[in-house]
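Data first, discussion second: the structure below is written as structure tokens.
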Amino acid sequence: MPAAGLKYIGKSIPIHDVREKATGALRYAGDLKLHGVLHAKLVLSEIAHGRVKHLDLEQALAVPGVVGIYTYRDAPDHPYNSHQWLEGMEVQKDELIFTDHVRFHGDRIAAVVAETREASERAARLVHVEYDELPAVIDPEAAGLLNATPIHASGNHIVHKRIACGDAESRMRDADLVIEDRIETPKVHHAAMETHGCIAEVDAQGTITVRTPCQVIFQVQLIVSQALGLPMDKVRVLKTTLGGSFGGKGQPILEPVAAFLALKVGKPVRLVLDRTETILSTRTRTKAIGRVRTGVDRKGRIVAREIHMLVDTGAYCTNGEVIPMAMGKKSFRLYQIQDQIFEADVVYTNTPVAGACRGYGSPQICAVTEINLDHAARALGMDPVEFRMRNLVHPYNADPAGGPSIGNARIRDCVTKGSDLFQWREKSARPKGGGRIARGIGMACCTHGNGYYGGFPDFITVDLRLTPDGAVVIKGAFHDLGCGTVMTMMQIAAEVLDLDPSSILIPDADTLVCPFDSAGTQASRVTYVCGGAVHQAAGELKRKLLESAATLLAEPISGLRLEQGYVIGSSGRASYQEIAQYAQRQLRSDLCVNLLYQSPGNPASYGAHFAEVEVDRITGRVRVLDYVAVHDVGQAINTGFVEGQIQGSVQMGLGMALMEELTFDARGRVTSSRFSRYTVPNAPEMPNVRVALIEEGEESGPFGAKSIGEIATVPVAPAIINAINDALGTRISVMPATPERIVAAIQDV
Amino acid sequence: MRLDFTLNGAVLSLDIDPGLRLIDLLRDVLDMTGTKEGCGEGECGACTIILDGVAVDSCMVMAMQVRGREVLTVEGLEQKGELDELQRAFIDSGAIQCGYCTPGMLMSAKALLMRTPEPTEHEIRSAMAGNLCRCTGYLKIIQAVQKASQMQSAHHA
Numbered sequence: 013m014p015a016a017g018l019k020y021i022g023k024s025i026p027i028h029d030v031r032e033k034a035t036g037a038l039r040y041a042g043d044l045k046l047h048g049v050l051h052a053k054l055v056l057s058e059i060a061h062g063r064v065k066h067l068d069l070e071q072a073l074a075v076p077g078v079v080g081i082y083t084y085r086d087a088p089d090h091p092y093n094s095h096q097w098l099e100g101m102e103v104q105k106d107e108l109i110f111t112d113h114v115r116f117h118g119d120r121i122a123a124v125v126a127e128t129r130e131a132s133e134r135a136a137r138l139v140h141v142e143y144d145e146l147p148a149v150i151d152p153e154a155a156g157l158l159n160a161t162p163i164h165a166s167g168n169h170i171v172h173k174r175i176a177c178g179d180a181e182s183r184m185r186d187a188d189l190v191i192e193d194r195i196e197t198p199k200v201h202h203a204a205m206e207t208h209g210c211i212a213e214v215d216a217q218g219t220i221t222v223r224t225p226c227q228v229i230f231q232v233q234l235i236v237s238q239a240l241g242l243p244m245d246k247v248r249v250l251k252t253t254l255g256g257s258f259g260g261k262g263q264p265i266l267e268p269v270a271a272f273l274a275l276k277v278g279k280p281v282r283l284v285l286d287r288t289e290t291i292l293s294t295r296t297r298t299k300a301i302g303r304v305r306t307g308v309d310r311k312g313r314i315v316a317r318e319i320h321m322l323v324d325t326g327a328y329c330t331n332g333e334v335i336p337m338a339m340g341k342k343s344f345r346l347y348q349i350q351d352q353i354f355e356a357d358v359v360y361t362n363t364p365v366a367g368a369c370r371g372y373g374s375p376q377i378c379a380v381t382e383i384n385l386d387h388a389a390r391a392l393g394m395d396p397v398e399f400r401m402r403n404l405v406h407p408y409n410a411d412p413a414g415g416p417s418i419g420n421a422r423i424r425d426c427v428t429k430g431s432d433l434f435q436w437r438e439k440s441a442r443p444k445g446g447g448r449i450a451r452g453i454g455m456a457c458c459t460h461g462n463g464y465y466g467g468f469p470d471f472i473t474v475d476l477r478l479t480p481d482g483a484v485v486i487k488g489a490f491h492d493l494g495c496g497t498v499m500t501m502m503q504i505a506a507e508v509l510d511l512d513p514s515s516i517l518i519p520d521a522d523t524l525v526c527p528f529d530s531a532g533t534q535a536s537r538v539t540y541v542c543g544g545a546v547h548q549a550a551g552e553l554k555r556k557l558l559e560s561a562a563t564l565l566a567e568p569i570s571g572l573r574l575e576q577g578y579v580i581g582s583s584g585r586a587s588y589q590e591i592a593q594y595a596q597r598q599l600r601s602d603l604c605v606n607l608l609y610q611s612p613g614n615p616a617s618y619g620a621h622f623a624e625v626e627v628d629r630i631t632g633r634v635r636v637l638d639y640v641a642v643h644d645v646g647q648a649i650n651t652g653f654v655e656g657q658i659q660g661s662v663q664m665g666l667g668m669a670l671m672e673e674l675t676f677d678a679r680g681r682v683t684s685s686r687f688s689r690y691t692v693p694n695a696p697e698m699p700n701v702r703v704a705l706i707e708e709g710e711e712s713g714p715f716g717a718k719s720i721g722e723i724a725t726v727p728v729a730p731a732i733i734n735a736i737n738d739a740l741g742t743r744i745s746v747m748p749a750t751p752e753r754i755v756a757a758i759q760d761v
Numbered sequence: 452m453r454l455d456f457t458l459n460g461a462v463l464s465l466d467i468d469p470g471l472r473l474i475d476l477l478r479d480v481l482d483m484t485g486t487k488e489g490c491g492e493g494e495c496g497a498c499t500i501i502l503d504g505v506a507v508d509s510c511m512v513m514a515m516q517v518r519g520r521e522v523l524t525v526e527g528l529e530q531k532g533e534l535d536e537l538q539r540a541f542i543d544s545g546a547i548q549c550g551y552c553t554p555g556m557l558m559s560a561k562a563l564l565m566r567t568p569e570p571t572e573h574e575i576r577s578a579m580a581g582n583l584c585r586c587t588g589y590l591k592i593i594q595a596v597q598k599a600s601q602m603q604s605a606h607h608a
């Protein structure tokens, strides 16, 4: 159903390429067949830390079909940081295409290029690597110690960050109670069903074209050009259909490698990873260990809070300097806490590299603070919902840390609506069950942003054109990760121009075709910022359309209106097609708009999740019986997409809460590098999720819309952990809460 | 080696490398890339096809094992330009996001409906237990299978 008074906004229209997905006709990067393509296979480190002493390629080179083997000796020595998305950003450049100082199990040493996939795989297995193994640092709490083996020349401690407001230290002394916790969130694999892969080729002029499932084409262009020492105009990037990303395909990982290999062999090179390679050698969610002290008074008001996050970025820095700030900012925008200190230290470890992952630090900080708040409520003898309601922000409250306006912040509505739907009060009154099966309920609140405004440049340029056959073409660097970005943009333009979305075309992102976008499909900026751009550009196009129509129909603009592909006047009407043709023939003009849109703000999005669980005290198994998720989205552009984002987010958060974690042996080798040893929730484990939306409108967003895709995964793990702790009276604080950890926690009670 | 089998209703006779997995035969030799690979160890179900009426992971089957048997892939669901009811139900229910798991999901669901035309929700969840999806949280997929089952029943009534 569309929203009141609107035709397309709010309507659940299927994703734009749904038919091709349903028939299997759509080709993802790994499905593309390029003429003369060669196959690359990486040689990855089998140890967590060491130096390559000797590389024996003889047997591998003898495999029939092998074209070449390229190693750290051949690759250019241009360090880069794959997280950099804008030229000139200050970043720690510590990555190379290949390295002989391997820093994690899965670090890249070399690649084989062969005529067939089989030959490349066989040869890669025959590359013999001898290492001088070094002690591996796996525990982030040990990484900064004086005796820890340095992973990089600069040491293992990367940066310290701090955000503060008021005077937390002295206010803490006034608190009636201080509740302290140490809470750990795991290193998680994104587990997009499509593994990582890309194809690179070089033309006769030396221009490299990379076809890749990515989130930011201009970032891929920048990183490939940096890594290879080429001008940016020598690199063209085409986004392919994404089989899921969740941040995992945000940083260019394979693109510089494939581009380098293509340059070496002068032919197209296909580099597609298998699942194990994807788990080991791409990106993970950042592991964090949070220490939090919350001071409260007897009335249930939070008087002060001190948070310290130890952030484990893995073997390379990537976004390690940015993610603690993303975490910290959130802790000032959810509750009214005037006196608060947030600090973070970021360290290297010899573990797979962390990067962006749905929520970008928010799920970690939310887990730390929301589990702690439940402990506080319990210590006060107060209901967790009631306790939160005494402290949550109101719309337009100022951010005490000086961040951008939180806007029409409707978290209180989320909590109220969610409590009713979930029947929180009724469920609270139920006995926990003293036998083998215990029942409990838990909830968590969350906040997340809408783009980079206030932190980094956030703008996009888009081109809109009304073609002489009456269609609208929108060119912009949009990357549909499977969330419905393209249809969302179509619905916004459709609403403004009163045109069926099927008459709107949005080509795949291409650096040669699309006008520049500053930041890509990340940071929960697409609906709010890019959608804002399309909304405004469509308005401009409408103005031009009406101007031409006014001449054609010989009527003043003020009397004209749009309806289903026609401009209607008092005496007649003209189709968009007629008007566009008239403009070209008679007015020597084309109905097109090029618009630069600078993000107007960064309001906060909010949500409240509620979980009811059943825990088996003997086996430690958890079943989620009921789940309610309420989100303040401003206005849903496509209600079905919003529900889909929330349901998928709950699944991802459920994995983080109960089962997903990269695990290591004593030498730091990953022991969960395949799906048979890395469990993600499947259909029988997934609870029914009841979704409700608060649609009170965000003034600066297109039709009032704000973000949903990332935030929905933020409160899931703490809501579930709080429910488990409620059921058992435990204080579980390490995620995932596996059956073993739950049984151990029961014994500690 | 010679391999004769039926693929999506057509009888094929091919000379193939006996070392090929079924998924490689489909994707690399026949260029039918609707069937996806997600793990290569039978854990994710992206490569699910139907072999003699049963959903199997094509990464766990050697191509030669289908000799004389009937294989149905996602490309065989559409009949004369008409989508299968399951495909329509997946589209209408919002069960498709990134789409990478979709072919495998469709084939597991198809095998289920072939043997149990009116499955319970529990039966649907169990039948899809070997198919991972990271986008949807499965709920709209389960709804889609229920819807397809209803569409079929209405059709046959």
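Protein sequence lines correspond, in order, to chains A and B. Numbering of the first sequence is given in our numbering, commencing with residue 13 and proceeding in unit increments. Numbering of the second sequence is given in our numbering, commencing with residue 452 and proceeding in unit increments. Glycine included, each C-beta is placed from N, C-alpha and C at the ideal position.
With 16 other Cβ atoms within 10 Å as the buried cut-off, status of residue i
i: B/Pro568; result: exposed
i: A/His140; result: exposed
i: A/Tyr408; result: exposed
i: A/Val761; result: exposed
i: A/Glu655; result: buried
i: A/Gly278; result: exposed
i: A/Met205; result: buried
i: A/Thr288; result: buried
Alpha-carbon spacing of residue i relative to residue j, whole angstroms
i: A/Ala60; j: A/Lys341; result: 33 Å
i: A/Leu54; j: A/Ala592; result: 52 Å
i: A/Thr298; j: B/Leu564; result: 42 Å
i: A/Gly461; j: A/Ile335; result: 13 Å
i: B/Met452; j: B/Glu488; result: 24 Å
i: A/Leu599; j: A/Glu559; result: 11 Å
i: A/Phe468; j: A/Ala338; result: 12 Å
i: A/Phe354; j: A/Ile191; result: 16 Å
i: B/Met558; j: A/Thr479; result: 40 Å
i: A/Ile301; j: B/Met556; result: 37 Å
i: A/Ile121; j: A/Arg31; result: 41 Å
i: A/Gly393; j: A/Leu346; result: 22 Å
i: A/Lys439; j: A/Glu626; result: 13 Å
The alpha helix (DSSP H) enclosing residue i, as first and last residue numbers
i: A/Leu670; result: Thr651 to Leu670
i: A/Ala487; result: Checking the sequence, you will find Lys at residue 487 of chain A rather than Ala. Not the alpha helix (DSSP H): A/Lys487 falls in the beta strand (DSSP E), residues Val484 to Lys487.
i: A/Tyr594; result: Tyr588 to Gln598
i: B/Ala540; result: Glu536 to Ser544
i: A/Asp738; result: Val728 to Leu740
i: B/His573; result: Glu572 to Ala578
Proximal residues of chain A, C-beta to C-beta of residue i below 8 Å
i: B/Ile542; result: Pro26, Val30, Arg31 and Ala34
i: B/Asp503; result: The contacting residues do not exist; B/Asp503 stays about 20 Å from chain A at best.
Neighbour list for residue i in chain B, Cβ cutoff strictly below 9 Å
i: A/Thr207; result: Glu488, Gly489 and Cys490
7 Å Cβ cutoff, residue i in contact with chain E
i: B/Leu471; result: Structure shown: chain E not included; protein chains present are A and B.
Any non-hydrogen atom of the ligand FMN within 6 Å of residue i CB
i: A/Arg681; result: The ligand FMN is absent from the structure shown, which contains no ligands of any kind.
Where the beta strand (DSSP E) through residue i begins and ends
i: A/Ser583; result: Element bounds for A/Ser583: n/a, residue is neither H nor E.
i: A/Ser617; result: Ser617 to Asp628
Contacts that residue i makes with chain B (C-beta to C-beta distance below 8 Å)
i: A/Val692; result: Leu583 and Arg585
i: A/Asn700; result: Leu590
i: A/Leu254; result: Cys549
Residues that residue i contacts on chain A, provided the C-beta gap is smaller than 7 Å
i: B/Pro554; result: Gly36
Would the stretch 252-260 of chain A count as touching the stretch 362-379 of chain A if we require 3 or more Cβ pairs under 8 Å?
Judged by pairs of C-beta atoms under 8 Å, the stretch 252-260 of chain A touches the stretch 362-379 of chain A, as three or more such pairs exist.
Decide yes or no for the touch test of the stretch 153-162 of chain A against the stretch 88-107 of chain A: beta carbon pairs closer than 8 Å, at least 3 of them.
Segments in contact, no.
Three Cβ pairs or more, each shorter than 8 Å: is that satisfied between the stretch 658-667 of chain A and the stretch 713-731 of chain A?
Inter-segment contact for the stretch 658-667 of chain A and the stretch 713-731 of chain A is present: three or more beta-carbon pairs are separated by less than 8 Å.
Is the stretch 516-526 of chain A touching the stretch 240-260 of chain A in the sense that three or more CB pairs, one from each, lie closer than 8 Å?
Two segments are said to touch when three or more pairs of C-beta atoms, one from each, lie closer than 8 Å; by this definition the stretch 240-260 of chain A touches the stretch 516-526 of chain A.
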